[in-house]
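Comments concern the structure below.
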Amino acid sequence: MDVTDTASWVVLGRSAGDAVAVHLDADGAEVRRERIALTALPGRVREIEASAAPRWVWGDTPGWYEPLLAAGVRVARCHDLRLAHAILRWAASVDSAAEVRRSTAWDAAPAVESGPATATLFDLDDEASADGPPSDIAAAESEFVRQRDAVASSTEPSRLRLLLAAESAGALIASEMRAAGLPWDAAEHDRILTRTLGERSAGGTPAHVAAAAARVRAALGDPSLSIDSQPKLLRALHRAGVLVESTSRWELAEQRHPVIEPLLEYKKLARLQSANGWAWLAEWVHDGRFRPVYVPGGVVTGRWASSGGGALQLPRQLRAAVRADEGWTLVVADVAQLEPRVLAAMSSDSALVAAARGRDLYAGIVEGGAIADRADAKIAMLGAMYGATSGQSGRLVPRLRRAYPRAMGLVDEAARIGEDGGVVSTWLGRSSPPPSDGWREMQSRASQVETTSADVDRARRHARDRGRFTRNFVVQGTAAEWALCWLAELRTRLAALPPVSASPAVHSGPAFARHPHVAFFLHDEVIVHTPREHADAAARAVTDAAAQAARILFGDFPIDFPLDIRIDATASKG
DNA sequence: TAGCATTGCGCG
DNA sequence: AAAGCGCGCAATGCTA
1279 MDVTDTASWV
1289 VLGRSAGDAV
1299 AVHLDADGAE
1309 VRRERIALTA
1319 LPGRVREIEA
1329 SAAPRWVWGD
1339 TPGWYEPLLA
1349 AGVRVARCHD
1359 LRLAHAILRW
1369 AASVDSAAEV
1379 RRSTAWDAAP
1389 AVESGPATAT
1399 LFDLDDEASA
1409 DGPPSDIAAA
1419 ESEFVRQRDA
1429 VASSTEPSRL
1439 RLLLAAESAG
1449 ALIASEMRAA
1459 GLPWDAAEHD
1469 RILTRTLGER
1479 SAGGTPAHVA
1489 AAAARVRAAL
1499 GDPSLSIDSQ
1509 PKLLRALHRA
1519 GVLVESTSRW
1529 ELAEQRHPVI
1539 EPLLEYKKLA
1549 RLQSANGWAW
1559 LAEWVHDGRF
1569 RPVYVPGGVV
1579 TGRWASSGGG
1589 ALQLPRQLRA
1599 AVRADEGWTL
1609 VVADVAQLEP
1619 RVLAAMSSDS
1629 ALVAAARGRD
1639 LYAGIVEGGA
1649 IADRADAKIA
1659 MLGAMYGATS
1669 GQSGRLVPRL
1679 RRAYPRAMGL
1689 VDEAARIGED
1699 GGVVSTWLGR
1709 SSPPPSDGWR
1719 EMQSRASQVE
1729 TTSADVDRAR
1739 RHARDRGRFT
1749 RNFVVQGTAA
1759 EWALCWLAEL
1769 RTRLAALPPV
1779 SASPAVHSGP
1789 AFARHPHVAF
1799 FLHDEVIVHT
1809 PREHADAAAR
1819 AVTDAAAQAA
1829 RILFGDFPID
1839 FPLDIRIDAT
1849 ASKG
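Per the numbering used here, residue 1279 is the first one in the first sequence, and the count goes up by one each step.
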């Protein structure tokens, strides 16, 4: 995350079947260039990294870094041109005439396969593969120049530099996490499945699932009902006098009928079976590791997405299957109320900062007197950040508006801008996408003389939808930036820990994974996999990194980001 | 029969 | 059927 340093840059790209490395000084002036056979690339990268520790500039991280990792080579820093382009392309702080806005070849999806397959060694065709950004050296060099110019043209260059460094560090970590994997105890997973779903029988349906299904069919008097078919289930419910409009758990739970209990039970079991059952285990867990595909920057707000394996939806039920290797342990940490804390800092709302002083921000709101109990405080705060207008949440929001006028003013203003078709930005300068042409047309049609009330209603509804999106964008996006800085700082600190004395056996994974490393990340939570002897140091690294992330974003502004942190062999909660 | 939309539910 | 943001995925059923 050192962005103010004077490190040099090395641009990597392809040319006629080889790699080319262009060495630049800190100002971007070319020092020299060298041609490297692809087979020699890992060794050469290792040498350059050891001697110069440059910031590696490449088209996209998975394409370059995953083969390097597979060859046992790790780098400290990079600049991911594709991710940087996606940010600069729309950044409101960048000059509207900047050429980076026109280099559309870089508006590309990441060149990763989404399946559980392993990385292949530089096997991209010279003539650009189906997707992914350009890979040739000339394209990389010219895009890098456009991006440097864009940052220089920005009204907030230092924030943007920080954002690009953090985003790129995230890309390195995502590739490393995929390579290392999350330690997963398949036997424990199997035990959980068998305990919950019942023994697998020859018929295929586990015993408890079959039993729940039988009770549902009996209660509805329909022995051949396909419960998994929503339309059929709905009709059967209606025939039995259960007059629901949907088959969602929320609505069913309000009904009183003998079918409700077994049906909710069936849905719970069927969900576990189809989402994370034995088929999932066989497909996604190998050699004691779950290796999901993380997609940094995959969400418009800057959050990560995932592709394959459902890495971002691991049910709490299965967390006990996350288990450290023999001789190793896990440091599991999550930030308490990240988003409202970020909002307090962004808006310099001293009342909300005061509420955030302790470990529990919602308790702080209660102490401040704005709202009577913690549960309501939480609902109100979420409602304020999401744009609730009705229900319990909507009713409570005005009280927060009175108690925390600056914080609420910030999100209200973001919503107003969004409704008007404007663009909002995060703390470090990631901007929301502009409204679509269709959205604009709808709004202008509604303001013309010949318009119908239906047009007006529809336009207003869509305007409010967009307002809720931009309202949340500034908070969710800035929280994602905080989390990226946390991760990047953590990675650096873990890498600096002394080597493990008697390296405990680790049964799979790349060389760097024999050292404490980040094994999982989910918006506001990290899991570090570490040899036991380094557990305390790793936990300290997690805590120190959080404090440093706060300083990077908000300087000396007095806002804390307390962690719930524990050292344990498994990741199970409570 | 492949591709798309809908429904529902898991996560933050 | 969430009121109120952002996602991914599986199963089903319809359509081209």
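All C-beta atoms in this analysis are idealised placements derived from N, C-alpha and C, irrespective of residue type, glycine included.
Asked: Nearest to residue 1650 (by Cα), restricted to the options 1480, 1674, 1579, 1572; Found: 1674
Asked: Assigned secondary structure, residue 1290 (DSSP; H/G/I helix, E/B strand, else coil); Found: strand
Asked: Cα-Cα separation between residue 1430 and residue 1440, rounded to whole angstroms; Found: 13 Å
Asked: Local conformation of residue 1538 per DSSP, three classes; Found: helix
Asked: C-beta contact flag for residue 1384 and residue 1357 at 7 Å; Found: no
Asked: Separation of residue 1366 from residue 1374, as counted between CA atoms; Found: 10 Å
Asked: Cβ-Cβ separation, residue 1635 to residue 1646 (assumed contact under 8 Å), whole Å; Found: Not really, about 10 Å apart at Cβ, beyond 8 Å.
Asked: Under 7 Å between C-beta atoms of residue 1547 and residue 1475; Found: yes
Asked: Nearest neighbour of residue 1792, chosen from 1747, 1811, 1498, 1709 [CA to CA]; Found: 1811
Asked: Distance CB(residue 1422)-CB(residue 1289) smaller than 7 Å; Found: yes
Asked: Distance CB(residue 1760)-CB(residue 1600) smaller than 7 Å; Found: no
Asked: Option nearest residue 1388 by Cα separation, candidates 1346, 1738, 1377, 1336; Found: 1336
Asked: Through-space distance from residue 1484 to residue 1518, alpha-carbon basis; Found: 27 Å
Asked: Residue 1219 - containing alpha helix (DSSP H), residue span; Found: The shown model of the chain, from 1279 to 1852, leaves out residue 1219, and the question about it has no answer.
Asked: Through-space distance from residue 1736 to residue 1523, alpha-carbon basis; Found: 24 Å
Asked: First through last residue of the beta strand (DSSP E) which encompasses residue 1743; Found: Element bounds for residue 1743: not the beta strand (DSSP E) but the alpha helix (DSSP H), 1731 to 1774.
Asked: Residue 1500 versus 1514, 1509, 1487, residue with shortest Cα-Cα distance; Found: 1514
Asked: Neighbour-count burial assignment, residue 1287, 16 or more Cβ in a 10 Å radius; Found: buried
Asked: Runs of alpha helix (DSSP H) lying entirely within the segment 1673 to 1720, each at least 4 residues, in chain order; Found: 1683 to 1697
Asked: Ordered list of alpha helix (DSSP H) runs contained in the segment 1586 to 1647, each at least 4 residues; Found: 1616 to 1625, 1628 to 1633, 1639 to 1646
Asked: Residue of 1452, 1307, 1457, 1315 minimising C-alpha distance to residue 1350; Found: 1457
Asked: As assigned by DSSP and simplified to three states, the class of residue 1814; Found: helix
Asked: Opposing strand residues paired with residue 1461 [DSSP bridges]; Found: 1567
Asked: Close Cβ partners of residue 1503 (< 6 Å) along its chain, the five nearest in sequence each way excluded; Found: 1495, 1514
Asked: Residue 1473 versus residue 1669: straight-line alpha-carbon distance, rounded; Found: 39 Å
Asked: For residue 1483, the three-state DSSP class (helix, strand or coil); Found: coil
Asked: Option nearest residue 1574 by Cα separation, candidates 1462, 1419, 1726, 1451; Found: 1451
Asked: Sufficient close CB pairs (3 or more, under 8 Å) joining the segment 1760 to 1779 to the segment 1804 to 1819; Found: yes
Asked: Which residues DSSP lists as bridging residue 1842, in chain order; Found: 1612
Asked: Start-to-end residues for the beta strand (DSSP E) that takes in residue 1796; Found: 1795 to 1799
Asked: Local conformation of residue 1654 per DSSP, three classes; Found: helix
Asked: DSSP state of residue 1310 mapped onto helix, strand, coil; Found: strand
Asked: Residue 1526 (DSSP reduced to helix, strand or coil); Found: coil
Asked: Beta-carbon separation (whole angstroms), residue 1660 vs residue 1671, contact threshold 8 Å; Found: 7 Å
Asked: Residue 1702 and residue 1751 closer than 7 Å at C-beta; Found: yes
Asked: Contact check, residue 1861 vs residue 1497, beta carbons under 7 Å; Found: Examination of residue 1861 is not possible in this model, given that the chain is present from 1279 through 1852 alone.
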